[in-house]
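S.K.: First residue of the sequence shown? That's 75 in my numbering, and the numbers climb one at a time after it.
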Amino acid sequence: MPASEEPLDVPTESATSPRVSRKAVLRAAAALGATPLLARGGVALARDRTTKARSLEATPSCHDGDEPTIEQIEGPYFKPDSPLRTSLVTNSTPGTRLTVTGYVFSRTCQPIAGALLDFWQADDNGNYDNVGFGFRGHQFSTSQGAFTLTTIVPGLYPGRTRHLHVKLQSPGQPVITTQLYFPGEPRNSTDTIFDARLLMDVRQVGPARAATFDFVLDAPQGPTTPPTTPPSGTWAAGTSYHAGDVVTYGASTYRCLQAHTAITGWEPPNVPALWQRG
Ligand SMILES: [Fe+2]
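Shown next as structure tokens:
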């Protein structure tokens, strides 16, 4: 059984925070019958579809300038170089199936394409795989800023409430680390790391659970990362790189940490989650 994570910061209870209000609105919109956003064919359009929910009009919209998703401690169990995958389970994996879906937005509510999401969590028994890469995986948001994680509900371990860990990075921006929580968990009220602003919207779907959460990253440029200095050396946009690949960019050498297809804006100095210098 792993040791508990040290509660290095004590979050303020935020039942009245604007962020909670926004999440509450999204949950309410879902309850009122909003269909999956991708099915609507447009994120921005879908986010505007609160017009049906007249009672929600006074709520700050996504266009009012959201606060970025708050950061939380990494804890002791993060490992770099996780596999590129959206599913952390097989048919025989024990545990309650959980699907987490959502979007990565900029503060101006534009979907961020190609954002890195690196998830890790405990297994059904509350243990982290510190030897292999069980329940660890990274992915990149789609062209519409969407992500999907297929996993299980993480088990409990001493000192913490139920949670997922995730690192996120908009192309060319710093990595942020945070955690996601489940509503209605008895330990939410005693875990000093828990923060209500990071509660997912979770519903039961047969024997499984479906959760949603939208991240907001401090990336004011939105989905269209402006062109930067053209690549030089051997690194090139459009190239598929694998973990361990070595390239030069500018006058420096970099080693690939995670498989990905390079795009402009992901030059090695800009994306420490993907490239390590030296
Ligand atoms: Fe943890």
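Glycine included, every Cβ here is placed at the ideal spot set by N, Cα and C.
1. Using C-beta distances below 6 Å, list every residue in its chain close to residue 343, excluding the 5 sequence neighbours before and after it, in chain order.
2. Going by Cα to Cα distance, which pick from 199, 217, 277 and 276 is closest to residue 337?
3. Kindly indicate which three-state DSSP category residue 261 falls into: helix, strand or coil?
4. Could you check if residue 341 is buried or exposed, using at least 16 other CB atoms within 10 Å of its CB as the buried criterion?
5. Spatial neighbours of residue 330 within its chain, please: CB distance less than 7 Å, with the 5 preceding and 5 following residues excluded, ordered by chain position.
6. Looking at ligand 1, does it come within less than 7 Å of residue 234, judged from the CB to the closest heavy atom?
7. Would you mind working out which of 244, 181 and 228 sits nearest residue 202, comparing C-alpha positions?
8. Use the C-beta contact count for residue 243: other C-beta atoms within 10 angstroms, 16 or more gives buried, fewer gives exposed.
9. Closer than 6 Å by C-beta to residue 282: which residues in its own chain qualify, once you throw out the five before and the five after it? Chain order, please.
10. In angstroms, rounded to a whole number, what distance separates the CA positions of residue 274 and residue 239?
11. Can residue 193 and residue 223 be called in contact, C-beta distance under 8 Å?
12. Given the structure, does residue 212 come close to ligand 1, in the sense that its CB is under 7 Å from one of the ligand's heavy atoms?
13. Run the proximity test for residue 149: is its beta-carbon closer than 7 Å to any non-hydrogen atom belonging to ligand 1?
14. Which first and last residues belong to the beta strand (DSSP E) in which residue 329 is found?
15. Would you say residue 237 touches ligand 1, meaning its beta carbon is less than 7 Å from a heavy atom?
16. Taking the runs of the beta strand (DSSP E) that are 3 residues or longer, which of them lie wholly in the stretch 156-202?
17. DSSP on residue 270, reduced to helix/strand/coil?
18. For residue 160 and residue 189, I'd like the C-alpha separation in whole angstroms.
M.R.: On the basis of the data shown:
1. none
2. 217
3. helix
4. buried
5. Cβ neighbours of residue 330 beyond the five flanking positions: 315, 316, 317, 318, 319, 348 and 349.
6. Flag set: Cβ of residue 234 near ligand 1.
7. 228
8. buried
9. Answer for residue 282: 171, listed in chain order.
10. 13 Å
11. yes
12. no
13. yes
14. 326-330
15. At least one heavy atom of ligand 1 is nearer than 7 Å to the Cβ of residue 237, so yes.
16. 171-180 and 190-194
17. helix
18. C-alpha separation (whole angstroms): 14 Å.
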